Amino acid sequence: MEAERVEAVWLTEDHEFSLAELAELSGLSEAELHDLVDYGAIAPVDPQAPRWVFKGRCLTTVRTACRIRVGFDLDLHGAALAVSLLDRIHDLEAQLDSLRAQLPHRAR
Numbered sequence: 000m001e002a003e004r005v006e007a008v009w010l011t012e013d014h015e016f017s018l019a020e021l022a023e024l025s026g027l028s029e030a031e032l033h034d035l036v037d038y039g040a041i042a043p044v045d046p047q048a049p050r051w052v053f054k055g056r057c058l059t060t061v062r063t064a065c066r067i068r069v070g071f072d073l074d075l076h077g078a079a080l081a082v083s084l085l086d087r088i089h090d091l092e093a094q095l096d097s098l099r100a101q102l103p104h105r106a107r
């Protein structure tokens, strides 16, 4: 029995993926990724560039969309909407945490 070698890469926001790399890593086709861009779920760094490049966070978003799509038996548009709403919730929670951190601490 031969052991399978797996390589791990630390994903950061600075990491960038081409459309083909994002398709390979996410399991979606390039056409489906184009649809996710059209639906506003993900955005290339420069939408006007001839070859799109995506930030590292897009991989997480796309994989989440895949799980939601399969788990809830949604079409791609429904999954894109769900992911967009989850991202908005995450942003609002971060803003709330930031505001809470600015409040004076109360004595108990």
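Numbering that gives the first Met the number 0 puts the first residue of the sequence shown at 0, with every later residue one more than the last.
Glycine is no exception: its CB is placed at the ideal position from the N, C-alpha and C atoms.
Since the model is a prediction, treat every value here as computed from it, not as a measurement.
Alpha helix (DSSP H) segment containing residue i, residue limits
i	result
residue 61	56-70
residue 83	75-101
residue 33	29-38
Residue i, buried or exposed, once every other Cβ within 10 Å from all chains shown has been counted against 16
i	result
residue 116	For residue 116 there is no data in the structure shown, the boundaries of the chain being 0 and 107.
residue 61	buried
residue 53	buried
residue 71	exposed
residue 48	exposed
Whole-Å CB distance - residue i paired with residue j, under 8 Å assumed
i	j	result
residue 64	residue 40	6 Å
residue 50	residue 17	7 Å
residue 19	residue 28	That pair is no contact at about 11 Å.
First through last residue of the beta strand (DSSP E) which encompasses residue i
i	result
residue 3	No beta strand (DSSP E) holds residue 3; DSSP gives it neither H nor E.
residue 17	15-17
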